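Going letter by letter, the sequence shown gives residues -28 to -1, 1 to 307 in mature numbering (1 follows the signal peptide of the UniProt record, and there is no 0). Note that CB positions come from ideal geometry on N, CA and C, so glycine has one too. These numbers were taken from a predicted model, which means no experiment stands behind them. Read through the structure below, which is laid out as C-alpha cells, and then see the notes.
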Amino acid sequence: MGIQRCSRRKTLLKRAAGAVVSVTLALAAAVAAVAAAHRPGDERDAPPDSLYAALAELPPAAPEPAAGPDASTGSVTVDCGRNERGHRNTDNVVTSPGLVGGAHHTHDYVGNTTTDARSTAASLAAAPTTCAGGDRSAYFWPVLRRLDREGPDTGAHGGGRHGNTGRILLPSSVRIDYLGNPVSKVVPHPAGLRMITGDPVAATATTDARVRAEWGCSGSPRRGATRYPRCPDGGGPTRTLTFPSCWNGLHPDSEGHRSHIVFPAANGVCPPATFPVPKLRVTLRYELPGGVPYAVDSFPEQHRHPRTDHAMFVDVTTEARRTRIARCLNEGRRC
C-alpha cells in the first residue's frame, strides 16, 4: 500500500510540473507576441511604402514669385536653438487651449520655454526663451521619429498609445526666417498673433486646400513633396513649414484659427481687405542614415501621413521688435 501511494504521489507531481511548464511556455509565447506587435520598426507602426519616394521622384517646390518694384525683399533670421532642452508635450495652445493632451501626438518647441495647454498671454510674457534677442514667441510642430528604435513614450498618451512609436529625432538645425512680400511692403504683424500652417487631418479631409507639407532632403530642402523622401546617406530629411501672411487687420486670432490670416495668391498678392505682414518660415533638418524608416507624429486616425505635417506659432514680442522686423524687410536688408 505504501509503495502504491508513493507511486501515485510521483505521478501527480510529474503532472503538476508538466502543467507549470505548459503555463510558463504559454505565458512566454504571449509575451513574445505582444513584444512582436510593438517592436520598433514593425510595418504596422510605419506608413505604407506608397507614402515614401526616392529624392529624384519628388517634384521641386513652386518657384518664388519675381520681386516687383514695391517688393519688401529683406529677411530676418531668428536663432532659437533646436530644442536642446527637450521641451515637448502633447498639448496645442493654439487649437486646443486649456485641453491638456489635446493633440494626441507630441510637439517639439523652440522659443518660449513654458508653452503648454494652460499658457496665457501673461505667463508667456513672463517666461524665459531659447531665442536670441528676447523673442518669447512659441514655435512648435509635431516631432519626427525613427522607427527602428524604441522611444521612452512607447505606452504613453500621444506616443505609442496613440500609434506614434519610435525614437524622437532632435533636429540637426532649426532655421526661423521672417520674409517680405514680392509685390508690396509689409506692416508689422499684430501683438499676440496666433497661426497654424498645414492640415493635421489631411489624410481624412475631403479637400487638400490646407495642405502645406514640404518634405525634402538636405541639399534639396524645398521639393514641394507631400511624401516622405528616401534621402541618400549624408542628406537627411527636411521639413519646410511656411505660414500665412495676409492679415485681416482686426484680430490676432479667430474661430478656427485661420480666417484672420490667410495665404497670398501664387503671385504674392494678398486678398482684398487683408494686409501683407512678414511671412514666417521654419525649416527643419534631421540627420538620419539612408534607408532608416521614419515618420511624423499625427492624430491616430491620420496614420502618420506625411501630408498632415503642420506647425503653430504664438507671438510674444514687443511692438518695437515687430516694427524692426517689418522695417528690415521693407528696406531690403538681411537682419
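Inter-residue spacing [alpha-carbon to alpha-carbon] between residue i and residue j
| i | j | result |
| --- | --- | --- |
| Val183 | His277 | 11 angstroms |
| residue 308 | Ala18 | Since the first residue shown for the chain is -28 and the last is 307, residue 308 is missing from the structure and cannot be characterised. |
| Pro114 | Arg305 | 32 angstroms |
| Ser55 | Arg147 | Going by the sequence as given, residue 55 is Asn instead of Ser. Going by the C-alpha atoms only, they are around 12 angstroms apart. |
| Ala38 | His229 | 30 angstroms |
| Asn220 | Thr246 | 4 angstroms |
| Ala238 | Tyr266 | 31 angstroms |
| Ser270 | His77 | 6 angstroms |
| Ala185 | Ala163 | 27 angstroms |
| Gly70 | Asp281 | 23 angstroms |
| Cys52 | Gly83 | 6 angstroms |
| Thr290 | Val48 | 16 angstroms |
| Arg139 | Ala89 | 24 angstroms |
| Arg297 | Ser95 | Residue 297 is actually Ile in this sequence, not Arg. Distance between the alpha carbons of Ile297 and Ser95: 24 angstroms. |
| Ala110 | Val66 | 10 angstroms |
| Val72 | Thr212 | 27 angstroms |
| Thr86 | Ala99 | 6 angstroms |
| Asp80 | His59 | 6 angstroms |
| Cys218 | Asn61 | 30 angstroms |
| Leu260 | Ser192 | 15 angstroms |
| Cys300 | Ala128 | 45 angstroms |
| Gly131 | Val268 | 11 angstroms |
| Pro248 | Pro216 | 9 angstroms |
Where residue i sits in the DSSP three-state scheme
| i | result |
| --- | --- |
| Ser47 | strand |
| Pro278 | helix |
| Glu291 | helix |
| Gly304 | coil |
| Ser95 | helix |
| Arg133 | helix |
| Leu222 | coil |
| Val(-6) | In this prediction, Val(-6) has a pLDDT of 38, which is less than 50 and means its spatial position is unreliable; nothing more can be read from the coordinates. |
| Pro12 | Any answer about Pro12 is weak, because its pLDDT of 49 lies below 50 and its placement is not dependable; what the coordinates show is given next. In the structure shown, Pro12 sits in coil (DSSP, three-state: anything other than H, G, I, E or B). |
| Arg57 | coil |
| Leu23 | helix |
| Gly105 | helix |
| Pro69 | coil |
Residue i, buried or exposed, once every other Cβ within 10 Å from all chains shown has been counted against 16
| i | result |
| --- | --- |
| Leu30 | buried |
| Ala174 | buried |
| Asp42 | exposed |
| Asp180 | exposed |
| Asp205 | exposed |
| Arg195 | buried |
| Leu222 | exposed |
| Ala25 | buried |
| Arg57 | exposed |
| Thr295 | exposed |
| Asp287 | buried |
| Thr169 | buried |
| Pro209 | buried |
Would the stretch 231 to 243 count as touching the stretch 190 to 204 if we require 3 or more Cβ pairs under 8 angstroms? Not touching, per the Cβ criterion.
Would the stretch 163 to 178 count as touching the stretch 261 to 274 if we require 3 or more Cβ pairs under 8 angstroms? Pairwise C-beta distances place the stretch 163 to 178 in contact with the stretch 261 to 274, as three or more of them are shorter than 8 angstroms.
Contained beta strand (DSSP E) runs [length at least 3] in the stretch 124 to 191, N- to C-terminal order: Taken in chain order, the complete beta strand (DSSP E) segments of 3 or more residues contained in the stretch 124 to 191 are 139 to 141, 145 to 151, 166 to 170 and 187 to 189.
Do the stretch 98 to 106 and the stretch 120 to 131 meet, that is, are 3 or more Cβ pairs less than 8 angstroms apart? no
Ranges of the beta strand (DSSP E) found wholly within the stretch 221 to 257, counting only runs of at least 3: As far as the stretch 221 to 257 is concerned, its whole beta strand (DSSP E) runs of at least 3 residues are 251 to 257.
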